[in-house]
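Colleague: Residue numbers (the numbering used here): 9 to 319.
Note that CB positions come from ideal geometry on N, CA and C, so glycine has one too.
The structure's right below; bear with me while I get my questions together.
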Amino acid sequence: MTSMDVLVVGSGTMGRGIAHCFARGGFMTGLYDPVPGVLKTALEYIAEDLQLFVDLGRMTRDRKNAILGMIETMNDLPDEIPEIVIEAAPEDIRIKQELFRNLEGLTGEKTLFCTNTSAISIDELAGCLKHPERFVGTHFWNPAHLVPLVEVIPGSASSGRAIDRVVAVIGQIGQRPVRINRDIPGFVGNRLQHALQREALALVEDGVVSPGDLDEIVRYSFGLRMPLMGPFERADLGGLDVTLRVHDYLLPYLDRRTEPAGILRELVDKGRFGLKTGMGFFSWEDGNAKKRTRDRDVALLRILEIMTAKE
C-alpha cells in the first residue's frame, strides 16, 4: 500500500467491520493490531463477509478481491499516520487512553482521532490528549459492514472542523452519519437499546415470560415496524393522545432499577456469556451459531435494500 487514507486500531469484531466499510468505500485502509496472529483471522472474516455479497449477486469476485487489496494489516504502527485514525480497542477507558496518548505523539497537527466506544464519555476519553479539539466519537454498530448508521458525538472541546470532516468522510464511504448534539453516557442508540433490555430482563426475571417468547413478541410485533418508522413517527401515526393515556397508566409499572438484573449477573458468573461460550439465555453448542449469523446478515442486507429503495 503506497498511501493510507485511514488507520483502524484494533482488529476485533468492530475493528475489522470498520476496516471493511472504509475499504469498500474506496479508502486505502490500514488495520493495526499489536497482538500476533489476530490480523490473519480478521482478514479471513472480512473475506467471508465480502463473499456473502458475491453469493447474493451484489458484488463480483473481482470487486471482492479489489476491496481486500485496499486493506493493509500491520503489527506495528506505520511511520506516517493518516488524517483519520479510528480506535476500536476493547471497551476499557485505560486501554483506549493509552492508545491515544501514544498515537498523539506520532501524529501531525491535522490528524483526527475517532473512538468507536459504544458508551464511554467522549470527554473522559479526550482527557488524556493535549489536543482534544481533534477528538470525536464515532459509534459504528455491529455488524458494521451491514448496519449503516454511525453516531458522531462531539466532546466539549471538539472543533467544528473535526466534526464536519468526520461526518463528511463517513458519508463518503456510504454509511449514514447522525450528529449527536452533546456527549452523554451511552449516546442515543444504546440508551434506547438498553432501556428495552432492562425491561426485557425484568419481565423474564419476574416470571412473566420466557426469553424465547419475549424475543418472539418483539420480532413479530413492534419490532417488525422498526425498520419503517421510529418511535416519534409511530406515535404520530397512532395518535399522541393515545400515547399520553398509555404513559399515564403504564409508566409507573415499568422497571426502574439502576443495577444490572440478577438473572444477567448470574449467567455471567456461571461463564455463560452467550455465543462466545456456547451458552447464554440459549444454547449455541450445536453448531448453529455460524448459520444463525449468516441468516441474520442475509436478512439485514435484504431489509436495508428495501429501506433504501423506498427513499
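1. Verify whether the separation of the beta carbon atoms of A92 and T115 is less than 7 Å.
2. For A55 and R24, which I take to be in contact (beta-carbon distance under 8 Å), what is that distance rounded to the nearest angstrom?
3. What does the Cβ neighbour count give for Y257, buried or exposed, with the cut at 16 atoms within 10 Å?
4. Give the C-beta separation of T146 and I94 to the nearest angstrom, bearing in mind that I take them to be a contact with Cβ-Cβ under 8 Å.
5. DSSP on M82, reduced to helix/strand/coil?
6. On a Cα-Cα basis, can you pick out the residue from A134, L154, L133 that is closest to L60?
7. Identify every run of the beta strand (DSSP E) within the region 202–233, keeping only runs that are complete inside it and at least 3 residues long; order them along the chain.
8. If contact is defined by three or more beta carbon pairs under 8 Å, each pair taking one atom from either stretch, is the region 100–111 in contact with the region 150–167?
9. Smallest Cα separation from E132: which of S126, Q105, A74, A152?
10. Is the region 32–39 touching the region 72–82 in the sense that three or more CB pairs, one from each, lie closer than 8 Å?
11. Please go through the region 83–113 and give each complete alpha helix (DSSP H) segment of 4 or more residues, from N-terminal end onward.
12. From A297, D63, V212, pick the residue whose C-alpha is nearest to that of D263; which is it?
13. Using DSSP with H/G/I as helix, E/B as strand and the rest coil, what is C122?
14. Whole angstroms are fine: how far does the CA of L204 sit from the CA of L47?
Modeller: Quick look at the numbers:
1. Mapped onto the sequence shown, residue 92 falls at position 84. Mapped onto the sequence shown, residue 115 falls at position 107. Checking the sequence shown, residue 92 turns out to be Ile, not Ala. Not closer than 7 Å, so no.
2. The residue labelled residue 55 in the question sits at position 47 within the sequence shown. The residue labelled residue 24 in the question sits at position 16 within the sequence shown. Contact annotation, A55 with R24: C-beta distance approximately 10 Å; criterion of less than 8 Å not satisfied.
3. Here the question's residue 257 lines up with position 249 in the sequence shown. Label assigned to Y257: exposed.
4. In the sequence shown, residue 146 corresponds to position 138, counting from 1. In the sequence shown, residue 94 corresponds to position 86, counting from 1. By a beta-carbon distance limit of 8 Å, T146 contacts I94. Their separation comes to about 6 Å.
5. Position 74 of the sequence shown, counted from the first residue, corresponds to residue 82. In the three-state scheme derived from DSSP, where H, G and I count as helix and E and B as strand, M82 is classed as strand.
6. Counting from one through the sequence shown, the residue named residue 60 turns up at place 52. Nearest option by C-alpha distance: L154.
7. List check, beta strand (DSSP E) in window: nothing returned.
8. Not touching, per the Cβ criterion.
9. For the purposes of this step, residue 132 is taken as residue 124 along the sequence shown, with counting starting at 1. Among S126, Q105, A74, A152, the Cα nearest to that of E132 is on Q105.
10. Touching, yes.
11. Runs of the alpha helix (DSSP H) inside the region 83–113: 101–112.
12. Start at 1 with the first residue of the sequence shown, and residue 263 comes out as number 255. With respect to the C-alpha of D263, the residue from A297, D63, V212 having the closest C-alpha is V212.
13. Locating residue 122 in the sequence shown gives position 114, where the first residue counts as 1. It is a strand residue.
14. Taking the sequence shown and counting its residues from 1, one reaches residue 47 at position 39. Taking the sequence shown and counting its residues from 1, one reaches residue 204 at position 196. So the two alpha carbons sit approximately 35 Å from each other.
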